Amino acid sequence: MAATKLYVVYYSLYRHVEIMAREVQRGANSVQDVEATLWQVPETLSNTILQKMNAPAKAADVPEIRPEQLLEADGFLFGFPSRFGVMAAQFKAFFDATNDLWEHQALAGKPAGIFWSTGFHGGGQELTAGMFEMNQVKGGSSYGAGTYAADGSREPTELELQQAFYQGKYVAEITKKLKNKPLAS
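In the UniProt record's numbering, the protein residues as written are 1 to 185.
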């Protein structure tokens with residue numbers, strides 16, 4: 001049987017979400033017969049603006065994803081910064097570009113989760129996560145794995161990285177179980 005494909009798709013300006021994404025990927029890849037792949041959504045800011053913001057270069061080893069490439073995956077974990085209670089505009093632009101996939105329900109039945117970063121505790125992650133359907137909290141963080149960047153100098157803690165690892169592993173296990181299962185009518 002072919003490996004279960006889990007796509008870890010993220011946007012990261014100052015690398016906090018990227019660090020979390022790599023740990024989510026590591027957790028997902030710890031599940032036998034699961035292949036987790038990192039993808040970045042396209043940047044919408046100009047290089048001039050990024051330089052003025054002192055943003056580090058994007059990870060050269062992580063390709064940009066196009067909306068139609070989502071069709072190749074069996075499941076997803078999406079990571080982004082929370083800004084003023086909503087996901088970063090770059091990720092919203094990517095989701096907006098997937099309208100044809102949603103119109104035709106091309107991704108129906110594929111499990112997905114989110115992880116995030118925000119500037120401080122209570123910095124909007126609860127509002128951002130609330131934009132995604134959450135039927136039931138079963139322990140841990142109802143928001144998914146996350147980190148607080150503060151002024152940009154704070155890096156994800158070991159505990160936050162452990163949460164990212166286990167979220168990646170958990171979603172990979174569910175994706176593997178659901179792969180090739182028909183949707184209930």
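Ideal Cβ placement from N, Cα and C applies to all residues, glycine included.
Computed from a predicted structure; not experimentally measured.
Euclidean distance between Cα positions of residue i and residue j
i      : j      : result
Ala2   : Asn180 : 11 Å
Phe80  : Val62  : 15 Å
Phe94  : Gln32  : 30 Å
Glu155 : Ile65  : 26 Å
Glu158 : Arg15  : 16 Å
Pro111 : Lys177 : 10 Å
Ala40  : Gln51  : Ala is not the amino acid found at residue 40; the sequence shown has Gln there. Computed Cα separation, rounded: 19 Å.
Leu107 : Tyr10  : 18 Å
Gly119 : Gln69  : 31 Å
Phe115 : His104 : 26 Å
Ala59  : Gln163 : 22 Å
Gly85  : Leu71  : 28 Å
For residue i, the residue or residues it bridges with in DSSP
i      : result
Thr4   : Val34
Pro81  : Ser117
Thr147 : Ser117
Phe76  : Tyr7, Ala112
Val86  : Arg83
Glu64  : Gln40
CB of residue i within 7 Å of CB of residue j, strictly
i      : j      : result
Val17  : Ser153 : no
Gln167 : Ala149 : no
Gly109 : Leu77  : no
Tyr7   : Thr48  : no
Ala55  : Leu13  : yes
Residues of its chain near residue i, where Cβ-Cβ distance is below 6 Å and the 5 sequence neighbours each way are ignored
i      : result
Lys5   : Glu35, Ala73, Asp74
Thr98  : Pro67
Gly140 : Its pLDDT being 46, under 50, Gly140 is placed unreliably in this model, and the coordinates cannot settle the point.
Own chain residues within Cβ distance below 8 Å of residue i, not counting five before or after
i      : result
Phe165 : Glu23, Val24, Arg26, Gly27, Ser30
Met53  : Leu13, Leu45
Sequence-distant residues of the same chain with beta carbon closer than 7 Å to residue i, five excluded per side
i      : result
Thr147 : His16, Met20, Ser117, Pro156, Glu160
Contact with chain B by residue i, beta-carbon distance below 7 Å
i     : result
Leu70 : Chain labels in this structure do not include chain B; a single protein chain is all it has.
Contact between the region 159-175 and the region 16-28 (3+ Cβ pairs under 8 Å): yes
Sufficient close CB pairs (3 or more, under 8 Å) joining the region 85-104 to the region 40-52: yes
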